[in-house]
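Undergrad: Structure incoming, see below.
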Amino acid sequence: MVARLEFAQQRRTTLLKVLEAVLQAQAAYLSSGDPALLQALTQREVSAAVGCDPSVLNRLISNKAVELPWGTEAPLRTFFPSAKSLTKSRVADAARRHPELSDEKLRELLSREFRIELSRRSVAQYRQDTGVGGRGRR
Numbered sequence: 024m025v026a027r028l029e030f031a032q033q034r035r036t037t038l039l040k041v042l043e044a045v046l047q048a049q050a051a052y053l054s055s056g057d058p059a060l061l062q063a064l065t066q067r068e069v070s071a072a073v074g075c076d077p078s079v080l081n082r083l084i085s086n087k088a089v090e091l092p093w094g095t096e097a098p099l100r101t102f103f104p105s106a107k108s109l110t111k112s113r114v115a116d117a118a119r120r121h122p123e124l125s126d127e128k129l130r131e132l133l134s135r136e137f138r139i140e141l142s143r144r145s146v147a148q149y150r151q152d153t154g155v156g157g158r159g160r161r
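Under the numbering used here, think of the first position of the sequence shown as 24, with each following residue one higher.
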């Protein structure tokens, strides 16, 4: 019985450390609510900061959600976007905001605004992956 209580306390402590690490890493997003401010964050980075194994962190955050400052609920996994998924969403957002720009001009815009270095072909591929049409179809 005591061992179970100690295990539950350890799990709770680790979860609180994970939440603190996420809060620190995603502070800009959490204070503004702008998804463009989400930073790439891996479970491996957080597990190293917290001092647990990545597989433990993965199981710990599964099926867990938090209430955001603006009242909506989000799964904890929301705060662990990959760099590639963030890049794809930024390409799609830029293409939607600037439908008149070619893929080359979008590439230049992304380089200027977000310091994202991509080839024109990668911009075209990411744009297609996110369902945004070419310049003529936007």
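Backbone N, C-alpha and C fix where the C-beta goes; we use that ideal spot for every residue, glycine too.
Do Leu-64 and Ala-48 come within 8 Å of each other at the CB atom, strictly closer than that value?
TA: yes
Undergrad: What is the rounded straight-line gap between the Cα of Ser-85 and the Cα of Thr-110?
TA: 24 Å
Undergrad: Any idea what DSSP makes of Glu-90, helix, strand or coil?
TA: strand
Undergrad: Just curious, the alpha helix (DSSP H) that Ala-97 is in, first and last residue?
TA: That residue, Ala-97, is in no alpha helix (DSSP H); its beta strand (DSSP E) goes 96-98.
Undergrad: Whole angstroms is fine: what's the gap from His-121's alpha carbon to Thr-37's?
TA: 44 Å
Undergrad: Can you find a C-beta in chain D that's less than 8 Å from the C-beta of Ala-44?
TA: Of the chains in the structure shown, none is chain D; there is only one protein chain.
Undergrad: Determine the direct distance from the alpha carbon of Val-73 to that of Lys-40, and round the result to whole angstroms.
TA: 6 Å
Undergrad: Let me know the alpha helix (DSSP H) ranges lying completely inside the region 39-95, each 4 residues or longer, listed in chain order.
TA: 50-55, 66-73, 77-84
Undergrad: What are the start and end residues of the alpha helix (DSSP H) that includes Thr-110?
TA: 106-120
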